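Down below is the structure, laid out as structure tokens.
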Amino acid sequence: MEKVDYKKILENMPQAVLAVDYDNKIVYANKYFCSLFNTNCDMLSGKNLFDFLPQNSNTMTIKEYTYQITKTDDDFCSYYYLSVIDNQMEKIYSDFISTVSHELRTPLTSIRGFADTMIASYDKLDRNQIQKFLTIIKEQSNRLIKLVENLLSISKIQVQQTNLVYKSINAKSQIEQSIDIIKNQYPNRKFELKTSNNVPNILVDENKFQQIMINLLDNAAKYSYENGSVEVYISNSPTEENFVSIKVQDHGVGIEPENLACIFEKFKRIENHLTRKTQGSGLGLYIVKNLIEKMGGHICVESSTVLPNSGSTFEVLLPAASYTNQSIKALEDK
Ligand code: ADP
Numbered sequence: 124m125e126k127v128d129y130k131k132i133l134e135n136m137p138q139a140v141l142a143v144d145y146d147n148k149i150v151y152a153n154k155y156f157c158s159l160f161n162t163n164c165d166m167l168s169g170k171n172l173f174d175f176l177p178q179n180s181n182t183m184t185i186k187e188y189t190y191q192i193t194k195t196d197d198d199f200c201s202y203y204y205l206s207v208i209d210n211q212m213e214k215i216y217s218d219f220i221s222t223v224s225h226e227l228r229t230p231l232t233s234i235r236g237f238a239d240t241m242i243a244s245y246d247k248l249d250r251n252q253i254q255k256f257l258t259i260i261k262e263q264s265n266r267l268i269k270l271v272e273n274l275l276s277i278s279k280i281q282v283q284q285t286n287l288v289y290k291s292i293n294a295k296s297q298i299e300q301s302i303d304i305i306k307n308q309y310p311n312r313k314f315e316l317k318t319s320n321n322v323p324n325i326l327v328d329e330n331k332f333q334q335i336m337i338n339l340l341d342n343a344a345k346y347s348y349e350n351g352s353v354e355v356y357i358s359n360s361p362t363e364e365n366f367v368s369i370k371v372q373d374h375g376v377g378i379e380p381e382n383l384a385c386i387f388e389k390f391k392r393i394e395n396h397l398t399r400k401t402q403g404s405g406l407g408l409y410i411v412k413n414l415i416e417k418m419g420g421h422i423c424v425e426s427s428t429v430l431p432n433s434g435s436t437f438e439v440l441l442p443a444a445s446y447t448n449q450s451i452k453a454l455e456d457k
């Protein structure tokens, strides 16, 4: 039998796992546990168990899900496992069904309606009306294609099957292409791209990088007002050496502070006066975050709803291409 990599199995378990020593100091937390608390294993290391888990209960609620906590011990450590309680799985499932069925039914109804009208009244319609109906049919088909692509992306993420091909690329020219694509869909938004001097190439999968940028630019335009502007800034990260920072800033509706943590969850859409009017499945940011982390980067967001037009800034940090071959191998193994 081939050598089994137990660390990898533990790291990717569909349960949150935490290990503590006899003083209840954290010695290990897997990826799932870290994502629940929006942190990483290094930050948790040495912290006290009860800063995170309850002392007198074997369940706890994080975000909107309740977890069952079970514990096992060996000679060196105690291990805590957090699994979503079954009826919560039903909630995840019903969120999934309601989002997907809404996102499927709405464009399909519109495609069928406009096709029916064209079949029934073709002779009475003028060129402009036909052009208009066909454009709607095309836009609604694109919406369906985007939903199917997003669903395929999340199923690949869930089975850890996203194969990435790393390449050194110039972020600026890739982002210019992404802006051109989004500009077509939002002709009355202004886009501006600014780059600092001496920004190195980034080491990413080219297609996935474009998927990330299109999602962020699409959101920035979608959650902005008519004639709003979107700015993209590329620079060397001032906080993390060997990382390039890409900021996508808008001046739209913004996000309430209490909602900032959950926008990266799947199927999560936050109520605002634009979400009711705009299309979306709540999958975009979940996919974006997963892809960025798989490529060794991070994403964070600053946003405000205090002033009108204060808007949101999403910052993506990605590794500079000055990485060694060893680092590329480590990323490919992720
Ligand atoms: P979708 O846009 O399809 O709803 P996302 O996963 O891309 O899904 O975003 C999740 C939620 O985060 C959105 O429904 C919206 O409420 C919020 N959001 C994302 N980007 C922005 C932004 N630039 N400005 C304001 N809200 C945003």
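The opening residue of the sequence shown carries number 124 in this note's numbering; numbering runs sequentially from there.
By construction, the Cβ of each residue, glycine as well, lies at the ideal position given by its N, Cα and C atoms.
Since this is a predicted model, take the numbers as computed values, not measurements.
Contact check between the segment 303 to 318 and the segment 266 to 286: fewer than three CB pairs, one atom from each, fall below 8 Å, which does not count as touching. For the ligand ADP, no non-hydrogen atom lies closer than 8 Å to the CB of F314. In the DSSP assignment, Y129 is bridged to no other residue.
In the three-state DSSP reduction, I369 falls in the strand class (E or B). For the pair P323 and N359, the CB atoms are nearer than the 9 Å cut-off. CA-to-CA, the gap between Y356 and F366 works out to about 14 Å. Contact check for E388 against Q372 fails: the beta carbons are separated by 9 Å or more. Y203 is the residue among I253, Y203 and S433 whose C-alpha sits nearest the C-alpha of A139.
Scanning its chain for C-beta atoms nearer than 8 Å, with the 5 sequence neighbours on each side dropped, one finds around T193 the residues N181, Y203, Y204 and S206, in chain order. Look at S427 here: in three-state DSSP terms it is coil, with no helix or strand label. DSSP, reduced to helix, strand and coil, places A443 within a strand of the structure shown.
If you check the C-beta of S404 against the ligand ADP, you find a heavy atom less than 8 Å away. If you look at Q138, you'll find it isn't in any alpha helix (DSSP H); DSSP assigns it neither H nor E. With a cutoff of 9 Å on beta-carbon distance, L441 and G420 are scored as near each other. If you draw a straight line from the Cα of D341 to the Cα of V143, it is about 43 Å long.
Beyond the five residues adjoining it in sequence on each side, I325 comes within less than 7 Å, by CB distance, of I292, A294, V367, L441, P442, A443 and A444 in the same chain, given in chain order.
Spatial neighbours of K279 in its own chain (CB-CB distance under 7 Å, excluding positions within 5 residues in sequence) are listed in chain order as T285. Note on N413: 16 or more other CB atoms within 10 angstroms of its CB, so buried under the neighbour-count rule. When only Cα atoms are considered, E438 and E364 end up about 15 Å apart. The C-beta separation of L167 from I149 comes to about 5 Å, placing the pair in contact by the 8 Å criterion.
For A344, the uninterrupted alpha helix (DSSP H) run begins and ends at E329 to K345, by DSSP. Around the beta carbon of K247, fewer than 16 other beta carbons sit within 10 angstroms, so the residue counts as exposed.
Its Cα nearest to that of I410, the residue F390 stands out among F390, V376, K306 and L227. The continuous stretches of alpha helix (DSSP H) do not include K194, which lies in the beta strand (DSSP E) extending over residues Y188 to D196. Between T428 and E379, the gap from beta carbon to beta carbon is short of 9 Å. Under the three-state reduction of DSSP, T362 is assigned to coil, being neither helix nor strand.
When the Cα atoms are used, G236 and K255 turn out to be separated by approximately 13 Å. Assigned with DSSP and collapsed to three states, T285 falls in coil, not helix or strand.
In this structure, the CA atom of Q297 is about 11 Å from the CA atom of V327. When distances are taken from the beta-carbon of G434 to the heavy atoms of the ligand ADP, the shortest one is below 8 Å. V288 places its beta carbon less than 9 Å from that of E329. DSSP, read as helix, strand or coil, puts F437 in strand.
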